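Numbering (this note's numbering), first residue to last: -16 to 335. Here is the structure we will look at.
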Ligand SMILES: NC(=O)c1ccc[n+]([C@@H]2O[C@H](COP(=O)([O-])OP(=O)(O)OC[C@H]3O[C@@H](n4cnc5c(N)ncnc54)[C@H](O)[C@@H]3O)[C@@H](O)[C@H]2O)c1
């Protein structure tokens, strides 16, 4: 069996999930790894037994044997690296957000088309069992017409610092980091409607609050306290199928506890996807709740990544149609661009 040969570009936290998921597949071999941090990439290659090590992705992309790459760098690397990889004839799995903005994301999709290669965006939560359960119910018509959705990812304190809080490298704060997942899930569940208008506010009143004590904190690999991104945001997003979505997110907020929620409301039933899957409807004139019974192991981050990587390799090896094409990343970036623009202008933004 000819193995699919893969390269990893960016060897920070999330790349570990890509690497272990590839290495769990019989038909894949990771042949090269790259990071601008020499010490980090050398240690990584030893840990995972990856033969070739690079600090310049252009050098790595010269390796003809590489079929596909994962791009797991800071957000500002996604566009240039993915385009270079596609132009070098490689298939690309790019972490979310696809790019810093919609224009850059469109250029990536163009490069994929021009080179007839796959560009898949790492919307990993689409592969979660909870997503699959709710999507199946929606696709089977059990919820009817979905007219309202609400989703939020709220952290009382959760700014990882480093590149995450440096707009030139991240493109923004919790909107682009957390919101990208939540808004994408609502689009994905409801048949990928296109957003037509956005009214939003982003705030930067609290900053990073690095002085806070007494809690467990997550810091990025190259931590610093430089911070020029929003700490909180809220938006009302309308879609071309009549759906209205309320969205909120924060990295720092004076609230009691962290929250993760996603609800969709249809004219036959409603569903909650986060924090746990539940369905709500009326039965025999009683409001009735139902929760599916599922093995808890299927609700893990590891499971989602394994499913995502399996799908990417299936697309590359067998030409299976991709569930997460680059075009979906473009649609998301249009919404995120509109959130930042609406906040800046104080007006509703119409998406053409
Ligand atoms: N899917 C998810 O749920 C999820 C979760 C966390 C992070 N992410 C995404 O994954 C990406 C990486 O996040 P992370 O938490 O692993 O960050 P990280 O800081 O831990 O790792 C990023 C790595 O990329 C390297 N890098 C930066 N620019 C590079 C370049 N031009 N060439 C080679 N290497 C370069 C850095 O040196 C660093 O080692 C981000 O885009 C982030 O949004 C996705």
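Each residue gets a CB set at the ideal place from its N, CA and C atoms; glycine is no exception. Quick caveat: nothing in here was measured; it's all calculated off a predicted structure.
Handout entry: Option nearest residue 168 by Cα separation, candidates 201, 213 and 112
Key = Nearest to residue 168 by C-alpha distance, out of 201, 213 and 112, is 112.
Practice task
Could you tell me whether the region 44 to 64 touches the region 20 to 28, using the rule of 3 or more Cβ pairs below 8 Å?
Solution key: Between the region 44 to 64 and the region 20 to 28, the count of C-beta pairs closer than 8 Å stays below three; the two stretches do not touch.
Practice task
State buried or exposed for residue 7, treating a residue as buried only when at least 16 other CB atoms are found within 10 Å of its CB.
Solution key: Counting C-beta atoms within 10 angstroms of its own C-beta, residue 7 has fewer than 16 neighbours from the protein chains shown and is therefore classed as exposed.
Handout entry: Spatial neighbours of residue 274 in its chain, beta-carbon cut-off 8 Å, leaving aside the 5 residues before and after
Key = So the list reads 259, 260, 261 and 262, once near-sequence residues are dropped.
Practice task
Can you tell me the Cβ-Cβ gap for residue 146 and residue 203, rounded? I've got them flagged as a contact below 8 Å.
Solution key: So it is a contact: roughly 6 Å between Cβ atoms.
Handout entry: Every unbroken beta strand (DSSP E) inside the region 43 to 91 [3 residues or more]
Key = For the region 43 to 91, whole beta strand (DSSP E) runs of length 3 or above, ordered along the chain, are 51 to 54 and 74 to 78.
Problem - Through-space distance from residue 61 to residue 129, alpha-carbon basis - result: Roughly 33 Å between the two C-alpha positions.
Exercise for the section: Work out the CA separation of residue 152 and residue 57 for me, nearest whole Å. Expected result: Inter-residue distance for residue 57 and residue 152 is about 6 Å (C-alpha atoms, whole angstroms).
Problem - Collapsed DSSP secondary structure at residue 184 in the structure displayed - result: Looking at residue 184 - three-state DSSP - the assignment turns out to be strand.
Practice task
With DSSP as the reference, please indicate the residues paired to residue 140 in a beta bridge.
Solution key: According to DSSP, residue 140 bridges with 235.
Problem - Residue nearest to residue 76 in terms of C-alpha spacing, selected from 296, 140, 247 and 333 - result: Nearest Cα to residue 76 within the set 296, 140, 247 and 333: 296.
Handout entry: Assigned secondary structure, residue 240 (DSSP; H/G/I helix, E/B strand, else coil)
Key = Correct three-state label for residue 240: coil.
Exercise for the section: Just tell me which of 157, 208 and 108 has its CA closest to the CA of residue 144. Expected result: Residue 208 is the option with its Cα nearest to residue 144.
Problem - Separation of residue 51 from residue -4, as counted between CA atoms - result: Their Cα atoms are separated by approximately 20 Å.
Exercise for the section: Would you grab the beta carbon distance between residue 2 and residue 24 for me? Rounded to a whole angstrom, and I think it's under 8 Å. Expected result: 12 Å between Cβ atoms; not a contact.
Problem - CB-CB length for residue 289 against residue -2, believed under 8 Å - result: The C-beta separation of residue 289 from residue -2 comes to about 15 Å, leaving the pair out of contact by the 8 Å criterion.
Handout entry: Exposure label - residue 280; buried when at least 16 CB within 10 Å
Key = By the Cβ-count criterion, residue 280 is exposed, with fewer than 16 other Cβ atoms from all chains shown falling within 10 Å of its own Cβ.
Problem - Exposure of residue 74, with buried meaning 16 or more beta-carbon neighbours within 10 Å - result: Buried.
Practice task
Flag this pair as touching only if the region 174 to 186 and the region 90 to 110 have three or more C-beta atom pairs under 8 Å; answer yes or no.
Solution key: With a cut-off of 8 Å, the region 90 to 110 and the region 174 to 186 do not count as touching, because too few Cβ pairs lie within range.
Practice task
With DSSP collapsed to three states, give me the class of residue 13.
Solution key: In the structure shown, residue 13 sits in a strand (DSSP, three-state: E or B).
Exercise for the section: Rank 251, 284, 134 and 282 by C-alpha distance to the C-alpha of residue 270 and give the top, closest one. Expected result: Of 251, 284, 134 and 282, the residue nearest in Cα terms is 251.
Handout entry: Whole-angstrom C-beta distance between residue 240 and residue 139, which should lie under 8 Å
Key = About 7 Å separates the two Cβ atoms, so the contact holds.
Exercise for the section: With DSSP collapsed to three states, give me the class of residue -14. Expected result: In the three-state reduction of the DSSP assignment, residue -14 falls in the coil class, being assigned neither a helical nor a strand state.
Handout entry: Pair within 8 Å by beta-carbon distance, residue 316 and residue 63
Key = Result no, Cβ atoms of residue 316 and residue 63 do not sit closer than 8 Å.
Exercise for the section: Say yes only if the C-beta of residue 18 is nearer than 7 Å to one or more non-hydrogen atoms of ligand 1, and no if none qualify. Expected result: Correct: residue 18 has its Cβ closer than 7 Å to ligand 1.
Handout entry: N-terminal and C-terminal residue of the beta strand (DSSP E) that residue 215 is part of
Key = Start and end: 215 to 222.
Problem - Sub-8 Å separation of residue 10 and residue -8 beta-carbons - result: Going by C-beta atoms, residue 10 is not nearer than 8 Å to residue -8.
Exercise for the section: Have a look at the DSSP bridge pairing and note the partners of residue 41. Expected result: In DSSP, residue 41 forms no bridge with anything.
Practice task
Would you check whether ligand 1 has a heavy atom nearer than 7 Å to the C-beta of residue 93?
Solution key: Not under cutoff, so the answer is no.
Practice task
Quick one: residues in its chain with C-beta nearer than 6 Å to the C-beta of residue 303, no 5 flanking neighbours on either side, listed in chain order?
Solution key: Excluding sequence neighbours, residue 303 sits near 297.
Problem - Endpoints, the alpha helix (DSSP H) within which residue 105 is located - result: Premise fails: residue 105 lies in the beta strand (DSSP E), 102 to 105, not in any alpha helix (DSSP H).
Problem - Beta-bridge partners of residue 249, as assigned by DSSP - result: For residue 249, the pairing in a beta bridge is given by DSSP as 129.
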